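Peer 1: Let me begin by handing over the structure; questions about it come next.
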Amino acid sequence: MKTVNDSDKDDAVLKETEALQNLRALEEIEKNPQISQRELSSHLGVALGITNALLKTLARKGQIKIRGKNNRSLTYHLTHAGVLAKSSLAMRWTLNTIGFYRQARHSIAQRLSLLAEDGAQSVVLYGHSELTEIVSVLAPEVGMKIVGIAAPHDTNRTDNEESFNRGEVQFPGFSSFQLEDIGEIAADALIVCKKCEPDEIAEIELHASSSMRIFDLF
Numbered sequence: 000m001k002t003v004n005d006s007d008k009d010d011a012v013l014k015e016t017e018a019l020q021n022l023r024a025l026e027e028i029e030k031n032p033q034i035s036q037r038e039l040s041s042h043l044g045v046a047l048g049i050t051n052a053l054l055k056t057l058a059r060k061g062q063i064k065i066r067g068k069n070n071r072s073l074t075y076h077l078t079h080a081g082v083l084a085k086s087s088l089a090m091r092w093t094l095n096t097i098g099f100y101r102q103a104r105h106s107i108a109q110r111l112s113l114l115a116e117d118g119a120q121s122v123v124l125y126g127h128s129e130l131t132e133i134v135s136v137l138a139p140e141v142g143m144k145i146v147g148i149a150a151p152h153d154t155n156r157t158d159n160e161e162s163f164n165r166g167e168v169q170f171p172g173f174s175s176f177q178l179e180d181i182g183e184i185a186a187d188a189l190i191v192c193k194k195c196e197p198d199e200i201a202e203i204e205l206h207a208s209s210s211m212r213i214f215d216l217f
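Quick look at the structure:
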């Protein structure tokens, strides 16, 4: 059974999701008033029915005007209220992002401090994500030396991780490694900076040296 707090959190997440969809829809319409509902659905990553309902809501709020006689000739235009709403939503999203970064930074700093106190002086980061960027800044602050950044070689890797595998360093000053090479790296610990399935963690442990500790931030 959900508690009241659980329900409040779910409502908050839903409202933020709706706010982001509204912001992205207004941005796409501003760029291309002739955009079709199907194209907009693709940009938003939602079903066509949701996009249709979203456009009707924006029109009802007076944030857009819909012109045209049929689906093929429909165009969408931001009103003055729509421009103001877009600016407000963009500021709200920026502040939420900053808040998330601050919260993540504080939490990660505490966990890295514990790892450093436990004797980890040199570390390898695994994965290329926003979390990698945060850790790359915080690790030196707690006395850790970052030896390099390792990227996975699975088929679901990101473009940035693909670049790592080609030896293209994404973080100036840090060497890049492939997963198969981490056993040859002299480091006290490997910090996992991406969400990994159990089989990927097992593969990391397989390639890591017996003295290298695996520290999963997730």
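Numbering-wise, numbering that gives the first Met the number 0 puts 199 at position 200 of the sequence shown, and it's gapless, one number per residue. All residues carry an ideal CB built from backbone N, CA and C; glycine is no exception. All values reported here derive from a predicted model rather than from experimental measurement.
By the 10 Å Cβ neighbour count, where 16 or more other Cβ atoms means buried, how is residue 149 classified, buried or exposed?
Peer 2: Looking at its Cβ environment, which holds 16 or more other Cβ atoms inside 10 Å, residue 149 is buried.
Peer 1: Count the other C-beta atoms from every protein chain shown that fall within 10 angstroms of the C-beta of residue 175, then say buried if there are 16 or more, exposed otherwise.
Peer 2: It counts as buried.
Peer 1: Considering just the uninterrupted stretch of the beta strand (DSSP E) at residue 206, what are its terminal residues?
Peer 2: Here residue 206 belongs to no beta strand (DSSP E); instead the alpha helix (DSSP H) covers 197-206.
Peer 1: Counting Cβ pairs closer than 8 Å, one from the stretch 99-112 and one from the stretch 38-51, do we hit at least three?
Peer 2: Touching, no, given that fewer than three Cβ pairs across the two stretches are closer than 8 Å.
Peer 1: In three-state DSSP terms, what is residue 119?
Peer 2: Of the three classes helix, strand and coil, the one that applies to residue 119 here is coil, per DSSP.
Peer 1: When the Cβ atoms of the stretch 70-86 are set against those of the stretch 106-116, are three or more pairs found closer than 8 Å?
Peer 2: Flag = no, the stretch 70-86 and the stretch 106-116 do not touch.
Peer 1: Can you give the Cα-Cα distance for residue 78 and residue 86, rounded to whole angstroms?
Peer 2: Roughly 13 Å between the two C-alpha positions.
Peer 1: Assuming residue 189 and residue 217 form a contact by the criterion Cβ under 8 Å, report the distance between their Cβ atoms to the nearest whole angstrom.
Peer 2: Contact flag wrong, Cβ pair sits at about 14 Å.
Peer 1: Does the beta-carbon distance from residue 212 to residue 187 come in below 9 Å?
Peer 2: Yes; because the gap between Cβ atoms is below 9 Å, this pair is in contact.
Peer 1: Which one or two residues does DSSP pair with residue 74 in a beta bridge?
Peer 2: Partner(s): 66.
Peer 1: Could you tell me the distance, in whole angstroms, from the CA atom of residue 135 to the CA atom of residue 173?
Peer 2: Those two C-alpha atoms are separated by around 9 Å.
Peer 1: Answer with buried or exposed for residue 76, where buried requires no fewer than 16 other C-beta atoms within 10 angstroms of its C-beta.
Peer 2: Answer is exposed; the Cβ neighbour count stays below 16.
Peer 1: Going by the CB atoms, is the gap between residue 144 and residue 177 shorter than 9 Å?
Peer 2: No, the Cβ-Cβ distance between residue 177 and residue 144 is not below 9 Å.
Peer 1: Looking only at C-alpha atoms, which of 117, 116, 107 and 142 sits nearest to residue 130?
Peer 2: Checking every option, the nearest Cα to that of residue 130 belongs to 107.
Peer 1: What does DSSP give as the partner residues of residue 150 in its beta bridges?
Peer 2: Bridge partners of residue 150: 177.
Peer 1: By the three-class DSSP mapping on this structure, what secondary structure does residue 85 have?
Peer 2: Residue 85: helix per DSSP, three-state reduction.
Peer 1: Identify, in the order they occur along the chain, each residue of the same chain with its Cβ nearer than 6 Å to the Cβ of residue 32, setting aside the five sequence neighbours on each side.
Peer 2: Closer than 6 Å at the Cβ level, and outside the excluded window around residue 32, lie 74, 75 and 76.
Peer 1: Taking its Cβ as the centre, do 16 or more other Cβ atoms sit within 10 Å of residue 25, making it buried, or is it exposed?
Peer 2: Classification of residue 25: buried, given that the 10 Å Cβ count is 16 or more.
Peer 1: By DSSP, does residue 191 sit in helix, in strand, or in coil?
Peer 2: Residue 191: strand per DSSP, three-state reduction.
Peer 1: Per DSSP, what kind of secondary structure is residue 99 in: helix, strand or coil?
Peer 2: The answer is helix: DSSP assigns residue 99 an H, G or I state.
Peer 1: In whole angstroms, what separates the C-alpha of residue 84 from that of residue 196?
Peer 2: Going from the Cα of residue 84 to the Cα of residue 196 covers about 40 Å.
Peer 1: Apply the 10 Å Cβ neighbour rule to residue 127 and answer buried if 16 or more other Cβ atoms are within range, or exposed otherwise.
Peer 2: Residue 127 should be labelled buried.
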